[in-house]
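J.:
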Amino acid sequence: MIVTVVTPTLDAMSYLPACVQSARSQKSDRVDVEHVVVDGGSSDGTVEFARSAGCTVLTGKDEGIFDAINKGSFNSNGALLGFLGADDILRSDAAHLAEIEAIAERFGPSAPWQRLAYRYFLKLWLNGGSLPWFARKRIDAVRAR
Numbered sequence: 018m019i020v021t022v023v024t025p026t027l028d029a030m031s032y033l034p035a036c037v038q039s040a041r042s043q044k045s046d047r048v049d050v051e052h053v054v055v056d057g058g059s060s061d062g063t064v065e066f067a068r069s070a071g072c073t074v075l076t077g078k079d080e081g082i083f084d085a086i087n088k089g090s091f092n093s094n095g096a097l098l099g100f101l102g103a104d105d106i107l108r109s110d111a112a113h114l115a116e117i118e119a120i121a122e123r124f125g126p127s128a129p130w131q132r133l134a135y136r137y138f139l140k141l142w143l144n145g146g147s148l149p150w151f152a153r154k155r156i157d158a159v160r161a162r
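Heads up, my numbering is the position in the sequence shown plus 17, with the first residue counted as 1.
(1) Looking at residue 72 and residue 55, is the spacing between their C-beta atoms short of 8 angstroms?
(2) Using the beta-carbon count (16 or more within 10 Å), is residue 91 buried or exposed?
(3) Below 6 angstroms CB to CB, which residues in the same chain sit around residue 82 once its five sequence neighbours on both sides are set aside?
(4) Could you give the uninterrupted runs of the beta strand (DSSP E) lying entirely in the segment 63-87, keeping only those of 3 residues or more?
(5) Residue 21 and residue 98: beta carbons closer than 8 angstroms?
(6) Determine the closest residue to residue 47 out of 105, 85 and 18, with distance taken between C-alpha atoms.
(7) Alpha carbon to alpha carbon, what distance is there between residue 109 and residue 42?
(8) Between the beta-carbon of residue 40 and the beta-carbon of residue 107, is there less than 8 angstroms?
(9) Rounding to the nearest angstrom, what Cα-Cα distance links residue 156 and residue 119 in this structure?
(10) If you reduce the DSSP assignment to three classes, tell me which class residue 33 lands in.
(11) Taking the beta strand (DSSP E) that residue 97 falls in, what are its first and last residues?
(12) Applying the criterion that 16 or more other CB atoms from any shown protein chain within 10 Å of the CB defines a buried residue, is residue 78 buried or exposed?
(13) Take residue 32 as the anchor and find which of 49, 76 and 62 has the nearest alpha-carbon.
(14) Comparing C-alpha positions only, which one of 88, 27 and 86 sits nearest to residue 65?
(15) Am I right that residue 70 and residue 37 are in contact with their C-beta atoms under 8 angstroms? What's the rounded C-beta distance?
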């Protein structure tokens, strides 16, 4: 299962290494991570670093952060999609990774409307928020199998 992380950037070189490493740390035996960096015209080495780190890089002017996120989303290969600011990092503890695997197992090949709902919860959860009770209930059900 591929999980895509989309990161919009503009002159983010001072933050991007930690961001990329934290996304990379989410990889497991069952979850592969694709990191798509969408750059709006950086001049500080952001693009070069992202490419050298193995990220998929899209460059060019955009109409703001949401346009960049959309470009990255439409150019992603993952069954699941999350968004991460260049100055943010993802948790990497074992419990967190187990939850990603459980969610990926449950929602990966599901219908498009479920995938869209899942994208919201993945974004919320990857950024340190807590899942609503009904999403947590589904994760617990998958774990119990």
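Ideal Cβ positions, reconstructed from N, Cα and C, are used throughout, including at glycine.
All of these numbers come straight from a predicted model, not from anything done at the bench.
T.: In terms of the structure at hand:
(1) no
(2) exposed
(3) 25
(4) 73-76
(5) yes
(6) 18
(7) 6 angstroms
(8) yes
(9) Summary for residue 156: the model assigns pLDDT 49, below 50, so the residue's position carries little reliability; its value from the coordinates is reported in the next sentence. Going from the Cα of residue 156 to the Cα of residue 119 covers about 6 angstroms.
(10) helix
(11) 97-100
(12) exposed
(13) 62
(14) 27
(15) 5 angstroms
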